[in-house]
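The structure under discussion appears below in the form of structure tokens.
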Amino acid sequence: MEELVTLDVNENREEGCRLSGAISLALHGIHARVVEVEVDIIKGLPGFSIVGLPDITIRESKDRIRSALENGGYDFPPRNFVVNLAPAGFKKQGANFDLPIALSILHATGQIDTDPRSMPMVGELALDGRVKPVKGAISMAIALYRSGYRAMIVPEENRYEAAALGELAVYPVSSIAGVIEVLEGRRAPFLGQPPGAHDGFSAGDFSEVKGQETAKRAIEIAAAGHHNILLFGPPGAGKTMLARRIPAILPPLSREQSIEATMVHSAGGLLADGQGLVSHPPFRAPHHTASDAALVGGGRVPSVGEISLAHHGILFLDEFVEFRANVLQALRQPLENREIVISRAGGTLTFPADFMLVASSNPCQCGFHLDPEVPCTCSEAKIRGYFGKISGPILDRIDMEVLLNRVPYRDLMETGGGEPSADIRERVRRAREIQAARFGKSGTLYNSRMSNGEVREHCRLDGETERLLEGAIRRMNLSARSFFRILKVSRTIADLAGAAGVEKAHLLESLSYKCLQRLYTLP
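Written as structure tokens, this is what we have:
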């Protein structure tokens, strides 16, 4: 009869050493996952190996950790360290495991008695022992709260971001010694109020804009209903100036929207030291030479791109026609689904992408087609084909098309200011409140996001108005998607007017913002 063999778990462990570990987190897209860091010291030649699908940044952490410990006054004995990041089934990235690994080594070698497992922690280590900030601190705080934890240790620079959730006791640290003080209960949690934050973009005021009343009206409608809009006209007409002022008429984000926008910006490493929640709609304006990877996100392990950074805000594409065709095609999925799915060798990730597209362009290659004063030098074929560079499905997803003309000299010389952004923003806010009350808890936020069923329910027309729309659709040869978008814009115009239903005047104004087909006879 075979004898039972009893295994000693300490058989291969160096004398005087113990198995240790800590709780940390890995960023996965814009979300985070709890990871258990395990550190053991086994017999063998001195070494340092990390397992559990670490990326190159994590594998390089052994050199940062050794220097940080020695420069911080601790020992890094010549032992054979094995670090496991569990669960091992998904790839980990980033330097946020430096701190938990270092504290686990100190505990495993008997240099500290307090178990690092007592409180989750994240942080990158500098060679002198300082704790540096990490990406995605707010996502990590959310993941910990959902997993049942109620406290965490974060780098000093991430304190406001982690505390913005308001559900965890946050302990900011700037050194390894500070972490030990927290673990020993010699530090109080951070109680500072996160400041209201913004994406750093400063918008001008609409009172500074001379003329362009039609364009300003269209922009107000687009902002109220979160509609995609294309501004086109000759150089100097004010397209870019108007677009860059749109953030000034947008209401602040709700708390839920702020948290989502902050998660995206934090994952992209765009939050500044001391910044809390992103409270104002983001404004992103990539250059027309940007690649599709820059727009949608890229890398071996996909990271956020401009589309996701504009989540709950504005994506402004100046010189729209000059963007490469493959870049514009990448807009199709997020414009329809309000999210983008990226598949790479490192995995498949889904990023949020609920943005308002604002595009601007010249009307032709020379820029003076439709200009009443400066003659156009483009041939008829070039003029007709200019917007033909953009595929029909992309133009079909743009709700409003607005032609701008150059501002007359008399308007430029006016000394009085126009209507301030604050007044326009108030009307936009009231229109959005009407939409929120209409849709209730259905999940729809704006008129532009209505389903076809909701359009039929909330955009009913009387007999005369319906016949007008039918004739316009036939004459303008518009698609079914454009049909629904015209009704959505009409609903927003009615909301700005405080009208209960969509009336003939609202529909006529909405139809006036679909003019590319008529002006260019696009294929």
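Residue numbering for the sequence shown follows the working numbering, starting at 37 and increasing by one per position. Ideal Cβ positions, reconstructed from N, Cα and C, are used throughout, including at glycine. Bear in mind that the values here come from a model prediction, so they are computed numbers and not experimental data.
Quiz item: Alpha carbon to alpha carbon, how far is ALA122 from GLU292?
Solution: 31 Å
Quiz prompt | Contact set for GLY421: own chain, Cβ-Cβ below 8 Å, skip 5 residues either direction | solution = none
Quiz item: Would you call the segment 298 to 315 and the segment 472 to 491 in contact, with 3 or more CB pairs under 8 Å?
Solution: no
Quiz item: Below 8 Å, can you find three or more Cβ-Cβ pairs linking the segment 100 to 115 to the segment 161 to 172?
Solution: yes
Self-check item: For ASP459 and ARG95, the rounded distance between their alpha carbons
Solution: 55 Å
Quiz item: CB-CB under 6 Å to ASN362, same chain, minus the five flanking residues each way: which ones, in chain order?
Solution: ASP328
Exercise. Indicate the three-state DSSP secondary structure (helix, strand or coil) for ASP390 in the structure shown.
Key: coil
Practice problem: Report yes or no: do three or more beta-carbon pairs, one from the segment 317 to 326 and one from the segment 187 to 207, lie closer than 8 Å? | Solution: no
Quiz item: In chain order, which beta strand (DSSP E) runs of at least 3 residues are fully inside the segment 264 to 327?
Solution: 265 to 268
Quiz prompt | Supposed contact pair ILE282 and ARG153 - C-beta distance, whole angstroms, cut 8 Å | solution = So it is not a contact: roughly 49 Å between Cβ atoms.
Quiz prompt | Secondary structure of PRO136, DSSP reduced to three states | solution = helix
Quiz item: Residue range of the alpha helix (DSSP H) that TYR19 falls in?
Solution: Since the first residue of the chain shown is 37 and the last is 559, residue 19 is not available in this structure.
Exercise. Throw me the rounded Cβ distance for the SER175 and SER302 pair, which I believe falls under 8 Å.
Key: 7 Å
Quiz item: So the alpha helix (DSSP H) LEU345 belongs to, where does it begin and stop?
Solution: 342 to 345
Exercise. Inspect the beta-carbon positions of GLY261 and TYR549 and report whether they are closer than 8 Å.
Key: no
Quiz item: Is the beta carbon of MET436 sitting closer than 8 Å to the one on ALA258?
Solution: yes
Exercise. State the Cα-Cα distance for the pair GLY172 and SER294, rounded to the nearest angstrom.
Key: 14 Å
Quiz item: Could you give the C-beta distance for LYS4 and VAL443, rounded to a whole number, given that I count them as a contact under 8 Å?
Solution: Nothing about residue 4 can be reported from this structure: the residues present for the chain run from 37 to 559 only.
Quiz item: From this set, ASN132, GLU545 and GLY65, which residue's C-alpha is nearest ILE92's C-alpha?
Solution: ASN132
Quiz item: In whole angstroms, what separates the C-alpha of CYS53 from that of LEU385?
Solution: 40 Å
Quiz item: How many whole angstroms separate the CB atoms of HIS347 and PRO388, which I take to be in contact at a CB cut-off of 8 Å?
Solution: 5 Å
Quiz item: Hey, how far is the Cα of LEU139 from the Cα of SER397?
Solution: 56 Å
Exercise. Measure the Cβ-Cβ separation of ILE350 and VAL377 and say whether it is below 8 Å.
Key: no
Exercise. Round the Cβ separation of GLY304 and VAL332 to the nearest angstrom and send it over; I've been treating them as touching at under 8 Å.
Key: Not confirmed; about 13 Å, so no contact.
Quiz item: Which class does THR250 belong to by DSSP, given the choice of helix, strand or coil?
Solution: helix
Quiz prompt | Reduced DSSP category for HIS234 - H, G, I as helix; E, B as strand; rest coil | solution = Summary for HIS234: the model assigns pLDDT 46, below 50, so the residue's position carries little reliability; its value from the coordinates is reported in the next sentence. In the structure shown, HIS234 sits in coil (DSSP, three-state: anything other than H, G, I, E or B).
Quiz prompt | Euclidean distance between Cα positions of GLU500 and LYS540 | solution = 8 Å
Practice problem: Determine, using beta carbons only, whether ILE470 and ASP531 come nearer to each other than 8 Å. | Solution: yes
Exercise. Kindly list the residues whose CB is nearer than 8 Å to the CB of ASP181, restricted to its own chain and excluding five residues on each side of it in sequence; keep chain order.
Key: Inspection of the sequence shows that residue 181 is occupied by Tyr rather than by Asp. If we look at TYR181 and ignore the five residues flanking it on each side, its Cβ neighbours are LEU201, GLU203 and LEU204.
Quiz prompt | Cβ-based neighbour list, ILE265, same chain, cut-off 6 Å, excluding 5 preceding and 5 following | solution = ALA258, VAL394 and MET436
Self-check item: Buried versus exposed call for GLU220 [16 or more other C-beta atoms within 10 Å across all chains shown]
Solution: exposed
Practice problem: Would you kindly report the start and end of the unbroken beta strand (DSSP E) that includes ASN513? | Solution: Per DSSP, ASN513 belongs to no beta strand (DSSP E) and is neither H nor E.
Self-check item: Endpoints, the beta strand (DSSP E) within which MET26 is located
Solution: Since the first residue of the chain shown is 37 and the last is 559, residue 26 is not available in this structure.
Quiz item: On the three-state DSSP scale, how would you describe VAL443?
Solution: coil
Self-check item: Whole alpha helix (DSSP H) elements within the segment 471 to 499, 4-residue minimum
Solution: 488 to 494
Quiz item: Start and end of the beta strand (DSSP E) containing PRO208?
Solution: 205 to 209
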